[in-house]
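Undergrad: Take this structure first; my questions come after.
There are 2 protein chains.
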Amino acid sequence: MRIRFEPFGITTQAEAGMNLLQAAQAAGVEIESVCGGKGTCGKCKVLASRGLAEPTRLELRSLSEAELAQGYRLACQAIISGDVEVVVPEESRRSRVSILAEGIQGELVNDPWIRTIVMKVDPPSLDYQLGDTERVTAQFAAMNYGQFNPTLNALQQLPNAIREQDGVINLVMIDDQVVEIHAGSIPPRILGMAFDIGTTTVVGYLIDMATRKQVAIASLLNPQTRYGDDVVSRIEFSGKESGLATLQAEIINAINTIINETTSTAGVSKQDIYGLTLVGNTTMQHLLLGVSPAAMAHSPYVPAFVEMRCLKAAELGIRVHPEAHTWILPNIAGWVGADTTAVILATNLQHHDGIALAIDIGTNGEMALGSRERLLACSTAAGPAFEGAHLSCGMRAADGAVDMVQVNGDLHWHTIGNAPPRGICGSGLVDLVAEMLRNGVLSENGTMVSADELNNAPSKALLAQRLSGDGRQRAFMIADPSQGAGGRALAITQRDIRELQLAKGAIRAGIEILMRELGVTATDVKRVYLAGAFGNYIKPASALAIGLIPHFPNAEIVPVGNAAGSGARMALLSASARQEAADLVRRVEYLELSGRPDFQEQFAEAMLF
Amino acid sequence: MRIRFEPFGITTQAEAGMNLLQAAQAAGVEIESVCGGKGTCGKCKVLASRGLAEPTRLELRSLSEAELAQGYRLACQAIISGDVEVVVPEESRRSRVSILAEGIQGELVNDPWIRTIVMKVDPPSLDYQLGDTERVTAQFAAMNYGQFNPTLNALQQLPNAIREQDGVINLVMIDDQVVEIHAGSIPPRILGMAFDIGTTTVVGYLIDMATRKQVAIASLLNPQTRYGDDVVSRIEFSGKESGLATLQAEIINAINTIINETTSTAGVSKQDIYGLTLVGNTTMQHLLLGVSPAAMAHSPYVPAFVEMRCLKAAELGIRVHPEAHTWILPNIAGWVGADTTAVILATNLQHHDGIALAIDIGTNGEMALGSRERLLACSTAAGPAFEGAHLSCGMRAADGAVDMVQVNGDLHWHTIGNAPPRGICGSGLVDLVAEMLRNGVLSENGTMVSADELNNAPSKALLAQRLSGDGRQRAFMIADPSQGAGGRALAITQRDIRELQLAKGAIRAGIEILMRELGVTATDVKRVYLAGAFGNYIKPASALAIGLIPHFPNAEIVPVGNAAGSGARMALLSASARQEAADLVRRVEYLELSGRPDFQEQFAEAMLF
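Residue numbers (my numbering), protein chains in the order written: chain A, 1 to 609; chain B, 610 to 1218.
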């Protein structure tokens, strides 16, 4: 069947029985799919009139009468039965998201593990009849470089290199291995890359290993997202036939794309990248290596591996120098991954004198609490709401996302790119709920008041006009059709509020349990590191107002941006930092919240505002 | 142009300007080419009448008037200018050669470095919430196996394997690395292969690493032979564009062919081969690794590398288990290779109380002399004559080769396969010359007497009839046209005798120099190991008669067959034997003969019979 996707003008062939989402993926048309094609998130709405089987039960539940009448369908549910013309409305298109790439930079030992050497090797004679490697070995010994240990590639380069410029050669060494040998006294530039592989976003930092400076940065939406937005749906997909291989290929592909982009920006050669570090949650690390994460999805939630691993780039299909050492940073447990290890490394938590807390909210929420005496960490499956998932009005931090909200008589908002509002992202959501609480639109238990109730206070008249509906359908309008993108209104519903309560309740309960387990209270905490979206996008005051974090009267609040990325860069630059990361796996105590009755209690309580 | 090769019925396309040998090689038609296409050996004679440029000066020198009249050409010189019909006569075809595969077997320490382990791993629970690798690590510690260190492949296998049969898994370990993990208590068979890569012949031994028994053996003509028969012509070819890559691909291909043949004979899987050892002369080792041997061809004759190397099979394109450890045994110097190291290992020379000599005659002649106190080794570029090269009547030990000669009134001979004689191989040649000396057909300085001189002794009348010609053209007929293959006579010429004198003189001079350098005489030598063709094919009595080796009055003469292959097998079976080989590189003193005036003297003297 011929399937045409507008407004892209892309036509593709598809077989009857496939759904439109599959056809779109095959054609490279990017359609939102938060639930991974299960028909539950309602994000993959498209307009299509003919050539499709009747709407499914899930579509009838997800789409309004008016939408069905206009020809809206869920792409993941609409089964192809003939030629189809599809219009993908803007709100259903994937778009480039804002990426949090900057972070902090900790102190680093200067212990270069990738380096260049220049030397002059004596020529052979009948009296000094030593082979090429033997003469280089002698020179290594004379210069105190230890054993000369060339790779096959370097060995193949040696005979010509050593004869081209009177024995003057330059070498590139990774740890104690020589990986490149060339003639002359000018060694190549030595580069490295650090990657933060988020569930949603992949960021790559290109670093000059000699100057220790960042020379380029690039990021991408994690292409695995099209097989499911959250970790659990990716684990599910990895269990399908060739699912694991597909997810691995997608992330390797993204890594290679970022490498191409950064090296081309910087005008350098990929072949000069000799080292990589990769952080990500435990599932991302498994998918990256093509190791099944299936056991993590059910109790007792164990991963296949946690410890640090070093591979050759070529083993993974990463297209840099084939011998490049590729460090997979260690995970702490199935649900506290190498990204958290990197956050601890970047915030130096393991050396703190006083109690410090680090919270990283990405697609999941992980947190670590403690000092150099003892460190605890836990994870809460709470994140997606803060990235716009599972909310009728939610979206990622992309153009058209409401990212700031303030009430000043009436509701005022700001969108990313100053575009007409298409949805609301995490920071806007927390602001909005904080303002709704402050202005009495929301009660402490999270129930939206009625317009009538709010009208009792005349100063709230403008806000009251934004309220409509009843019960779970009650909604608070953010933008009316004249303001919203595509002439559509934007509103937050009672159901959205409940989703947010679940998410913020989980994170707050996690913090409370960590403090209880360590035997401290909020007053004991001396510093709070807010990593990820937190602190850079989410206003700490709003987070406090909705109770996402407790009040820490004695703590300095330090936004640290993408601390996971910072930790990855530190581990790239320093072998001792890497060793410290490896040791963290044994030092950090992981708390499994699912097995704890006290977590359920805390959670129930923390859902209240 | 269309080139047709008869009697094979093979037709191929070739471009004008190519020569017939190149066209034959491209079409897979095997034509002898001892000199590697230089037009000097005259072994690539073919019949072809049209479509070729005029005969070259080299052809006019190499071919007789009669041959030119019949349409004989040298394939390497005949430039294609149109369609050609080529007939490859039998004597110009390559054929399977007799391979010396058996050897001795030294004492071995039982130190398995490839092994299998079966274990039961405890299941995880919320109270024992450890990842898969962590639980295997615990089991490794409990069983005293050290650190659990899986390859990427093994890590990918682990999650499924560990859940399939209640945690019972079997593992294959190479050294301290786990390369395979499967469910259940039945581990795979573990195999290894030892290779002796001769200039002329490649032999592979398939070994069961658990029982330490040989399960299959196979051999091939080294396919590099088509680019030159001896080491020097291969080094030259390796300097041409893509020459090195071609020679490397040819030998890897031969190795893979032998692996296919042996595993298919034994009914086992290539994937179960986890270790390999490879010996060969230094040039063969360089070509195998794709490392240029160019510097070995001229003074000061240095190789790129000598020491032992370990690679992964996959790095070399050897198709066994990709992680199989592939040990390239160490060379002693540019012209004393790993094959000699292996001969020393197999004969245990480095532990001898008394003085022992080991001589290995293959395409070159290498020898080692000494005891546990001191070991010397040298090489003489002398071998090819003993493999039939550079002689008008010479051929390899293949069907139709005269391999034994005796004079009893008249000349009597035996051929391999009892076929009509096509040529004479090394053992036949040494026999023949010994008999010619004994019967006065040859003088002490190597001059063939005239028929008249010999007729003075009536008992020599039958032999005298075999003599003809004068000066360098003087010849001694072995078989007349009624006996010879293809109705051609077989004779040895005065020039052939001179070639043999050069070869035997070099070997004898090498032995003399070794003894002089060590400060011993032939009476001090307690044991003589004859390796390679020597002892198994060449009769020691004949070798003594022509002065190839001195008379050792107190020595036990021990034929050791393919001792290089034996050494390779020992290094495969035992890591300590491999370590001993690595140490030999430092222990054995290499004597460079080319720099020594005393060698020239000895050589001149040793050329006499």
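Don't be surprised by glycine CBs; every beta carbon is placed ideally from N, CA and C.
Using 8 Å as the limit for Cβ to Cβ distance, is residue 914 (chain B) near chain A?
TA: Output row for residue 914 (chain B): interface = yes.
Undergrad: Using a cut-off of 9 Å between C-beta atoms, extract the partners of residue 379 (chain A) located in chain B.
TA: Within 9 Å Cβ-Cβ: nothing; residue 379 (chain A) doesn't reach chain B, min ~13 Å.
Undergrad: Flag residue 901 (chain B) as yes if its beta-carbon sits less than 8 Å from any beta-carbon of chain A, otherwise no.
TA: Judged by the 8 Å Cβ criterion, residue 901 (chain B) is in contact with chain A.
Undergrad: Check whether the Cβ of residue 851 (chain B) lies closer than 8 Å to any Cβ atom in chain A.
TA: So no, residue 851 (chain B) is outside the interface.
Undergrad: Run through chain B and tell me which residues come within less than 8 Å of residue 299 (chain A), C-beta to C-beta.
TA: What residue 299 (chain A) touches in chain B: 735.
Undergrad: I believe residue 731 (chain B) touches residue 744 (chain B) by the beta-carbon criterion, under 8 Å. Please report the beta-carbon distance rounded to the nearest angstrom.
TA: With 8 Å as the limit, residue 731 (chain B) and residue 744 (chain B) qualify as a contact, their Cβ atoms being about 6 Å apart.
Undergrad: Evaluate residue 326 (chain A) with the Cβ neighbour count: other Cβ atoms within 10 Å of its Cβ, from every protein chain shown; 16 or more gives buried, anything less gives exposed.
TA: Residue 326 (chain A) comes out buried.
Undergrad: Can you list, in chain order, the residues of its chain whose CB lies under 8 Å from that of residue 97 (chain A), leaving out five sequence neighbours each side?
TA: The pLDDT assigned to residue 97 (chain A) is 48, lower than 50, so where the model puts this residue is not dependable; a value taken from the coordinates is nonetheless given after this. 200, 201, 221, 396, 397, 398, listed in sequence order.
Undergrad: Output the residue ranges of the alpha helix (DSSP H) runs that lie fully inside the stretch 505 to 571 of chain A and measure 4 residues or longer, sorted by chain position.
TA: List check, alpha helix (DSSP H) in window: 533 to 536, 540 to 545.
Undergrad: Quick one: using the 10 Å Cβ neighbour count with 16 as the cut-off for buried, is residue 186 (chain A) buried or exposed?
TA: Label assigned to residue 186 (chain A): exposed.
Undergrad: Do residue 176 (chain A) and residue 159 (chain A) come within 8 Å of each other at the CB atom, strictly closer than that value?
TA: Against a cut-off of 8 Å, the Cβ pair of residue 176 (chain A) and residue 159 (chain A) comes out as no contact.
Undergrad: If you follow the beta strand (DSSP E) that residue 636 (chain B) is part of, which residue opens it and which one closes it?
TA: Element bounds for residue 636 (chain B): not the beta strand (DSSP E) but the alpha helix (DSSP H), 629 to 636.
Undergrad: Quick one, which of B:1077, B:1029, B:1210, B:888 has its alpha-carbon nearest residue 947 (chain B)'s?
TA: The residue with the shortest Cα to Cα distance from residue 947 (chain B) is B:888.
Undergrad: Hey, could you find the ends of the beta strand (DSSP E) residue 1012 (chain B) is sitting in?
TA: Start and end: 1010 to 1017.
Undergrad: Check residue 219 (chain A) in the structure and name its three-state DSSP category.
TA: Here residue 219 (chain A) sits in strand by DSSP.
Undergrad: On a Cα-Cα basis, can you pick out the residue from B:1066, B:1054, B:1056, B:1101 that is closest to residue 1075 (chain B)?
TA: The shortest C-alpha separation from residue 1075 (chain B) is found at B:1101.
Undergrad: Can you tell which of B:799, B:691, B:662 has its C-alpha closest to the C-alpha of residue 611 (chain B)?
TA: Of B:799, B:691, B:662, the residue nearest in Cα terms is B:691.
Undergrad: Quickly, what does DSSP pair residue 290 (chain A) with across the bridge? List them, please.
TA: None, per the DSSP bridge assignment.
Undergrad: Grouping DSSP H, G and I as helix and E and B as strand, with all else coil, what is residue 732 (chain B)?
TA: DSSP places residue 732 (chain B) in coil when its eight states are reduced to three.
Undergrad: Do the stretch 1018 to 1036 of chain B and the stretch 1080 to 1099 of chain B make contact, defined as three or more Cβ pairs closer than 8 Å?
TA: Yes, since at least three Cβ pairs between the stretch 1018 to 1036 of chain B and the stretch 1080 to 1099 of chain B fall closer than 8 Å, the two stretches touch.
Undergrad: Exposed or buried, what is residue 1065 (chain B) when buried is set at 16 or more other beta-carbons lying within 10 Å of its beta-carbon?
TA: Under this definition residue 1065 (chain B) is an exposed residue.
Undergrad: Less than 8 Å separating the beta-carbons of residue 607 (chain A) and residue 502 (chain A)?
TA: In contact: residue 607 (chain A) and residue 502 (chain A) (Cβ atoms closer than 8 Å).
Undergrad: Can residue 864 (chain B) and residue 1194 (chain B) be called in contact, C-beta distance under 8 Å?
TA: No, the pair does not count as a contact, with Cβ atoms beyond the cut-off.
Undergrad: Any C-beta of chain A sitting closer than 8 Å to the C-beta of residue 1149 (chain B)?
TA: Not closer than 8 Å to any Cβ of chain A, the Cβ of residue 1149 (chain B) fails to qualify, so no.
Undergrad: Quick check on residue 13 (chain A): does DSSP put it in helix, strand or coil?
TA: Strand.
Undergrad: I need the DSSP call for residue 496 (chain A), collapsed to helix, strand or coil.
TA: The answer is helix: DSSP assigns residue 496 (chain A) an H, G or I state.
Undergrad: Just list the residues that DSSP pairs residue 771 (chain B) with in beta bridges.
TA: Note: residue 771 (chain B) sits in no beta bridge, so no partner.
Undergrad: Would residue 742 (chain B) pass as an interface residue toward chain A - the criterion being a Cβ-Cβ separation below 8 Å?
TA: It does; some Cβ of chain A falls within 8 Å.
Undergrad: Note down the Cα distance separating residue 349 (chain A) from residue 571 (chain A), rounded to an integer number of angstroms.
TA: One C-alpha to the other measures close to 15 Å.
Undergrad: If distances are taken between C-alpha atoms only, which option among A:292, A:226, A:276, A:204 comes closest to residue 241 (chain A)?
TA: Per the Cα distances, A:292.
Undergrad: Does the CB of residue 330 (chain A) have a neighbour CB from chain B at under 8 Å?
TA: Chain B contact via Cβ: absent.
Undergrad: Could you say which of B:803, B:915, B:1205, B:721 lies nearest to residue 155 (chain A) if we only look at CA atoms?
TA: Closest by alpha carbon: B:915.
Undergrad: Between which two residues does the beta strand (DSSP E) harbouring residue 339 (chain A) extend?
TA: Residue 339 (chain A) -> not in any beta strand (DSSP E); alpha helix (DSSP H) instead, spanning 338 to 347.
Undergrad: Measuring only the C-alpha atoms, how far is residue 708 (chain B) from residue 637 (chain B)?
TA: A caution first: residue 708 (chain B) carries a pLDDT of 49, below 50, which makes its placement in the model too unreliable to give a value.
Undergrad: I'd like the span of the beta strand (DSSP E) that includes residue 804 (chain B), first residue to last.
TA: Start and end: 800 to 806.
Undergrad: What residues are listed by DSSP as bridge partners for residue 48 (chain A)?
TA: Partner(s): A:86.
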